[in-house]
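First up is the structure itself, then whatever we jot down about it.
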Amino acid sequence: MRPGMRSIDTGDVRLALREQGDPANPTVLLVHGYPDTHRVWDEVAGLLEPEFHVVRYDVRGAGESSAPAGIGGYRLDRLVDDLAAVLDAVGKSAVHLVGHDWGSVQGWAAAARLPGRLLSFTSLSGPGLAQWSEFLRTGGRREVAGQALRSWYITAFRMPVVPELAWRTFLPRLVALTRVAEGIEPREGDPAATLPADGARGLALYRANTSARAAGPGQVDVPVQVIEARRDRFISRPLVQALDRAAPQVWRRTIPAGHWAQRSHPATVARMIAEFARYTGAGAAPSRELRRSRAGEAGGPFDRRLVVVTGAGDGIGRATARAFAAHGAEVVCADIDLAAARDTVAGITARGGTGHAERVDVSSAEEMERFAREVLDRYGTPDIVVNNAGLAVAGAFLDHEVADWRRLIDVNLWGVVHGCRLFARQMADRGEGGHIVNVASVAAFMPTRVLPAYSTTKAAVKMLSDCLRAELAGQDIGVTAICPGFVSTGVARNATYRGVDRGLSERAVAARGYPPERVAAHILRAVHRNLAVVPVNAEGRFGYALSRISPGLTRRLARLGRPELLRRAGRPDRTDMGRPAAKD
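Heads up, the sequence shown is in UniProt numbering, so the first residue is 1 and it goes up one at a time.
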């Protein structure tokens, strides 16, 4: 037996048990699934150890535990007896139970049979047999059929002889490849050296528990946290959602992981376990993520979400911030003009929403890093970030000055890069997904002689968004490029003009009359539906379609915007570049 392990006698088997951490701390009991051992929890246990007394054991027939004499020794009631024996052995009257796969199946049964001994139960990738039976009876025909396809192995494992041969030949290799596909590399202890024998013996789990009567009651009276692994190839989302009805108190959280989430995303799983244990055991204030995951509570897609909007002092930024707040989000309104950001927040609070004003210059890496740290420390990891701050310079390329290019690249491109870089990292570290919206423009795909620098930066924003969307998709972080045409904002009023008529541009935008609130509605819809590129209004949709259908015609149309025809009489306009960045 490995150092740090001890064994306990349950009557017909001896269980290998491991304890970590101070026994005076609250106890978290981690139960593994099939065909794993307690070593599948190594990373999570190590993360929990500083705060909790962590207990693990090899279930009967697995790892260093002995196996019962016959199939009957694998009945669910015997597994729950083992769990109770472990609780007695560690001297704890009540613990926080966490189960994965068949460990979760045992957990549901223990929650029904031993409710007084469980402070909470966290279920990962495993409904109870009673919940499974209930789903088969009440689920929709398509939902049940979809889950049945995922559960093909259950029937296969109940066949005689063939499954045992599979475990002694190719199946261990197949399990290893399945884990690699989830980004899990083999390490010492997992998969265990005993995997072929464990897999063959553990087939009895499927053969001994075929009766719905053995499943026990479908309702449990214990606070339950269900962690839904979005990419679990064995458990469908409808089945996970059906667990919302399995207890009076259920919290359902999601993680962008496959079946072995505790191996691929140990920090996220450990954090979820710890948050739930603190809340249910010590009465600690729940995290934002835990609060909004309570099953059965009414709320829209943005309710209790944290949203960060840059350039929120005016225009599209202000309209977007207020729209999210109206749908229940808490909004951090950031702008280089703090007074304007406070005005936006005042409008939010006047309507009963929650908002916070912050000052930041998005073009400064140092300021954005400070801002991102403050958001994390004060409010938490944002669920949605809208990179919106921007400005424009109008005129011919040869009339643009170097300072014009630097300022536009700093604000329009670097500002987006900073926002994506800093907040995407926070979302990835949290491990519960998120969404980033980058406000580009129809100019991203419609070249023009009048806005060469602006169009270049917006095209870069769109391409950055496409690249990030591909990179972050595996972490459930969506990225959207919003590409509006002419919108009634302060961009034209605050732009720098190089040899073209300011008044003509301002009158053109005013005549278009497209309000920023309509752009905000498109942004909310894009986040809800996880859209990649959203051209907004008629010219936006026309330009996007034309750029895809006929790029050559798009380039020819660009020649029509002749800056020399837009020059004012007299001296060209050299508007001061020192003005605050306009908000798209």
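The C-beta atom is built at its ideal place from N, Cα and C for all residues, glycine as well.
These figures come from a predicted structure and were not determined experimentally.
As a quick exercise: from Ala246, Gly33, Glu64 and His32, pick the residue whose alpha carbon is nearest that of Pro3.
Check the Cα spacing between Pro3 and each of Ala246, Gly33, Glu64 and His32: the tightest is with Glu64.
| task | To the nearest angstrom, report how far apart Ala16 and Val332 are at their CA atoms. | result | Cα-Cα distance, rounded: 51 Å.
#### Entry: Arg158, buried or exposed, once every other Cβ within 10 Å from all chains shown has been counted against 16
So Arg158 counts as exposed.
Per-residue burial, Ala285 [other beta carbons within 10 Å of its own, 16 or more giving buried]:
So Ala285 ends up on the exposed side.
Looking only at DSSP bridge pairs, what is Thr354 linked to? According to DSSP, which records beta bridges pairwise, Thr354 is partnered with Glu330.
Notebook entry, point to check: Does the distance from the C-beta atom of Pro516 to that of Cys483 stay below 7 Å?
Noted result: Against a cut-off of 7 Å, the Cβ pair of Cys483 and Pro516 comes out as no contact.
#### Entry: Beta-carbon proximity list for Ala267, same chain, < 7 Å, skipping 5 on both sides
The answer, listed in chain order, is Leu47 and Gly431.
* Own chain residues within Cβ distance below 8 Å of Tyr206, not counting five before or after -> Cβ-Cβ distances below 8 Å link Tyr206 to Ile154, Phe157 and Arg158 in the same chain, with the five nearest sequence neighbours on each side left out; the list follows chain order.
task = Would you mind stating whether Ala242 and Phe121 have Cβ atoms separated by less than 7 Å?
result = Going by C-beta atoms, Ala242 is not nearer than 7 Å to Phe121.
- Task: Could you tell me whether the segment 355-374 touches the segment 414-426, where touching means 3 or more Cβ pairs closer than 8 Å?
- Result: Taking 8 Å as the limit for Cβ pairs, the verdict is that the segment 414-426 does touch the segment 355-374.
**Prompt:** In angstroms, rounded to a whole number, what distance separates the CA positions of Asp82 and Ile436?
**Reply:** Counting only the Cα atoms, Ile436 lies some 47 Å from Asp82.
Indicate the three-state DSSP secondary structure (helix, strand or coil) for residue 590 in the structure shown.
Residue 590 lies beyond the range of the chain shown here (1 to 584); nothing can be said about it.
Where the alpha helix (DSSP H) through Pro266 begins and ends: For Pro266, the uninterrupted alpha helix (DSSP H) segment begins and ends at Pro266 to Ala277.
Query - Straight-line gap, Phe52 to Leu451 (C-alpha atoms, nearest Å) - result: Taking C-alpha positions only, Phe52 is separated from Leu451 by approximately 60 Å.
Counted within 10 angstroms of its Cβ, other Cβ atoms place Gly490 as buried (16 or more) or exposed:
Within a 10 Å sphere around the beta-carbon of Gly490 sit 16 or more other beta-carbons, which makes this residue buried.
The alpha helix (DSSP H) enclosing Tyr544, as first and last residue numbers = Per DSSP, the unbroken alpha helix (DSSP H) holding Tyr544 starts and ends at Asn537 to Ile549.
Check your understanding: When you compare only the Cα positions, how much space is there between Gln426 and Gly474?
Key -> Cα atoms of Gln426 and Gly474: separation of roughly 15 Å, rounded to the nearest angstrom.
(request) Return the Cβ separation of Val250 and Ala295 in integer angstroms, given the expectation that the two are a contact with Cβ distance under 8 Å. (result) Contact between Val250 and Ala295 holds, since their C-beta atoms are separated by about 4 Å, short of 8 Å.
In whole angstroms, what separates the C-alpha of Glu19 from that of Asp42? So the alpha carbons of these two residues sit roughly 12 Å apart.
Check your understanding: In chain order, what residues of the same chain lie with their CB nearer than 7 Å to the CB of Arg579, ignoring the 5 residues before and after it?
Key -> Residue placement at Arg579 cannot be trusted, given a pLDDT of 39 that sits under 50; the coordinates are not used to answer.
query: Using CA coordinates, which residue listed in Leu129, Leu149 and Asn530 is at the minimum distance from Leu469?
result: Position check: residue 469 holds Arg in this sequence, whereas Leu was assumed. If we check each option's Cα against that of Arg469, Asn530 comes out closest.
Report task. Mind checking which residues open and close the alpha helix (DSSP H) that includes Pro163? Result -> For Pro163, the uninterrupted alpha helix (DSSP H) segment begins and ends at Val162 to Trp167.
CA-CA distance, Gln106 and Arg304? Gln106 and Arg304 have their C-alpha atoms spaced approximately 33 Å apart.
Fill in: Beta-carbon gap between Gln151 and Ser123 smaller than 7 Å
Per the sequence shown, residue 151 should be read as Ser rather than Gln. Going by C-beta atoms, Ser151 is not nearer than 7 Å to Ser123.
**Item:** Reduced DSSP category for Arg6 - H, G, I as helix; E, B as strand; rest coil
**Value:** In the displayed model, Arg6 falls within a strand according to three-state DSSP.
Taking contact to mean 3 or more Cβ pairs, one atom from each stretch, closer than 8 Å, check whether the segment 30-45 and the segment 178-193 are in contact. Counting C-beta pairs with one atom in each stretch, the segment 30-45 and the segment 178-193 have three or more that are closer than 8 Å, which means they touch.
Three-way DSSP call (helix, strand, coil) for Arg18 in this model = Note: Arg18 maps to strand in three-state DSSP.
Review point. Going by the beta-carbon positions, is the gap between Gly434 and Asp383 smaller than 7 Å?
Key: Note that the C-beta distance between Gly434 and Asp383 is below 7 Å.
Does the beta-carbon distance from Ala204 to Tyr74 come in below 7 Å?
In this structure, Tyr74 lies closer than 7 Å to Ala204 by Cβ.
>> Spatial neighbours of Ala440 within its chain, please: C-beta separation below 6 Å, excluding the five flanking residues on both sides.
In response: Shown here for Ala440: same chain residues with a beta carbon closer than 6 Å to its own, the five before and five after excluded, namely Lys458, Val461, Lys462, Ala481 and Cys483 in chain order.
**Message:** According to DSSP, is Leu87 part of a helix, a strand, or is it coil?
**Reply:** Per DSSP, reduced to three states, the secondary structure at Leu87 is helical.
- Do you know how far the Cα of Thr554 is from the Cα of Ala443? When only Cα atoms are considered, Ala443 and Thr554 end up about 11 Å apart.
| By the 10 Å Cβ neighbour count, where 16 or more other Cβ atoms means buried, how is Arg498 classified, buried or exposed? | Classification for Arg498: buried.
I believe Gly99 touches Gly126 by the beta-carbon criterion, under 8 Å. Please report the beta-carbon distance rounded to the nearest angstrom. Gly99 to Gly126, Cβ: 6 Å. Contact.
Taking all protein chains shown into account, decide if Ile549 is buried (16 or more other Cβ within 10 angstroms of its Cβ) or exposed. By the 10 Å Cβ count, Ile549 comes out exposed.
- Determine the burial state of Arg141: buried for a count of at least 16 other Cβ atoms within 10 Å of its Cβ, exposed for fewer. So Arg141 counts as exposed.
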